[in-house]
């Protein structure tokens, strides 16, 4: 096995599996890398030296499947022969199951990151392909069989075939009953988007059953491909919800995270039923987002202030920092903020951080200090003081009071 053959095989693997592929020589030097992902520093690729040490005792028919502390999964293969180590092939990262928001927060805590880094981290995990056990086995088989033999260049032979005309006359005639159904469906879509843009959770709940009917009605759009048809309408729904949320006053940063998440999830679904449930969940999540974060009723400067605070909630942020960012007078901004929001900017920042901390306390095994740091508090004692002011109890007591007996 030489570098030229290994490189050709790596190209085939990348094109076929859409996974990142990296090749290392026997000196642990990277000589090939094709990647479409930007991996954060704390999740860097395993080093070549680590790979070679891990693979030296295995046969060329053994494909190693391992998971990092950050839940990133890889396949690794020894290159060469059982007697001679030429190098190593690393394929990944990928996931074998979706990463939950709770696991994301655990990774934040473990790497001394804050909730302000959650968006970037969530985007990374949303972009990762999820492979089933069968997918992993088949990919391993592809690796071991490809690298077992020298590369043989293909010879393409072009042939000509006669093509019948693809044009067929189309008669478009809508009967009154179908016209009524179409008009009803479009009106329902408009009503749903209005509910999303206003964050009306009570109203959106009434659309759950009709929504599944709408999704199913599109299953025949592409002949003999109901799954593809429903995926297409689900993508359209994602776009409509994104626009509705933006019209509802939600910052694009928050919208982008949800939009990207559902785009990936839609493509991964394997049944029409799963897409129906996913589309309903998507509608509800966008509506909840508008309900929780929309700033429609605020003046432009207060909208910008709130958006900046929410995006940087885990970082040091104060009235002075926000005023500098917005190029506003601190005294004026403070007065205007309290007038429109109903509380001081400091109280607003602390309240949002405490809401994040409450969720972390109930879902994370992390220490009180780690949760304080993750949610933007640099001092654990101050965190406890603020937490008690907003909840009436200490973080420890809050956690204990919500633990099932």
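In my numbering, the protein residues as written are 9 to 413.
A virtual CB, placed ideally from N, CA and C, is assigned to each residue, including glycine.
None of the values given here were measured: they were computed from a predicted structure.
Identify which residue in the options has its Cα closest to the Cα of residue i.
| i | options | result |
| --- | --- | --- |
| residue 290 | 244, 33 and 305 | 244 |
| residue 382 | 70, 91 and 126 | 126 |
| residue 220 | 313, 65 and 197 | 197 |
| residue 262 | 103, 131 and 402 | 131 |
| residue 354 | 328, 70 and 368 | 328 |
| residue 239 | 299, 277 and 264 | 277 |
| residue 44 | 88, 137 and 89 | 137 |
| residue 57 | 106, 93 and 297 | 93 |
| residue 281 | 314, 217, 247 and 298 | 217 |
| residue 124 | 316, 140, 233 and 39 | 316 |
| residue 133 | 107, 140 and 222 | 107 |
| residue 343 | 309, 325 and 358 | 309 |
| residue 62 | 401, 97 and 38 | 97 |
| residue 299 | 23, 311 and 203 | 203 |
| residue 397 | 215, 367 and 358 | 358 |
| residue 258 | 229, 37 and 313 | 313 |
| residue 347 | 157, 40, 305 and 249 | 305 |
Answer with buried or exposed for residue i, where buried requires no fewer than 16 other C-beta atoms within 10 angstroms of its C-beta.
| i | result |
| --- | --- |
| residue 242 | buried |
| residue 416 | With the chain covering 9 to 413 only, the question about residue 416 has no answer from this structure. |
| residue 194 | exposed |
| residue 237 | buried |
| residue 74 | exposed |
| residue 154 | buried |
| residue 390 | exposed |
| residue 25 | buried |
| residue 370 | exposed |
| residue 30 | buried |
| residue 207 | buried |
| residue 393 | exposed |
| residue 95 | buried |
| residue 177 | Caution is warranted here: a pLDDT of 48 is assigned to residue 177, below 50, making its placement in the model unreliable, and no coordinate value can be reported. |
| residue 275 | exposed |
| residue 147 | buried |
| residue 307 | exposed |
| residue 17 | buried |
| residue 247 | exposed |
| residue 287 | buried |
| residue 12 | exposed |
| residue 142 | exposed |
| residue 189 | exposed |
State the CB to CB distance for the pair residue i and residue j, rounded to an integer number of angstroms; the pair is presumed to be in contact (CB under 8 Å).
| i | j | result |
| --- | --- | --- |
| residue 361 | residue 385 | 7 Å |
| residue 341 | residue 330 | 7 Å |
| residue 100 | residue 83 | 6 Å |
| residue 224 | residue 284 | 7 Å |
| residue 302 | residue 256 | 5 Å |
| residue 135 | residue 272 | 7 Å |
| residue 201 | residue 252 | 4 Å |
So, with DSSP's three-state summary, where would you put residue i?
| i | result |
| --- | --- |
| residue 38 | strand |
| residue 334 | helix |
| residue 261 | helix |
| residue 410 | coil |
| residue 81 | strand |
| residue 66 | coil |
| residue 73 | strand |
| residue 16 | helix |
| residue 32 | strand |
| residue 288 | helix |
| residue 385 | coil |
| residue 321 | coil |
| residue 56 | helix |
| residue 138 | strand |
| residue 283 | helix |
| residue 229 | coil |
| residue 96 | strand |
| residue 215 | coil |
| residue 414 | For residue 414 there is no data in the structure shown, the boundaries of the chain being 9 and 413. |
| residue 373 | coil |
| residue 11 | helix |
| residue 106 | coil |
| residue 234 | helix |
| residue 101 | strand |
| residue 164 | coil |
| residue 87 | strand |
| residue 121 | coil |
| residue 302 | coil |
| residue 403 | helix |
| residue 200 | helix |
Return yes when the C-beta of residue i is under 7 Å from any heavy atom of the ligand ZN, and no when it is not.
| i | result |
| --- | --- |
| residue 374 | As far as ligands go, the structure on display features none, and thus does not contain the ligand ZN. |
Open item on the list: Could you check whether the segment 101 to 121 touches the segment 64 to 80, counting it as contact only if at least three pairs of C-beta atoms, one from each stretch, sit closer than 8 Å?
Closed with: yes
Open item on the list: Can you confirm whether the segment 330 to 341 touches the segment 371 to 382 when touching is taken to mean that 3 or more C-beta pairs between the two stretches lie within less than 8 Å?
Closed with: no
Task: Stretch-stretch touch, CB-based, cutoff 8 Å, three pairs: the segment 86 to 99 with the segment 54 to 70 - done: yes
TODO: Would you be able to state if there are at least three C-beta pairs under 8 Å between the segment 291 to 299 and the segment 256 to 271?
DONE: yes
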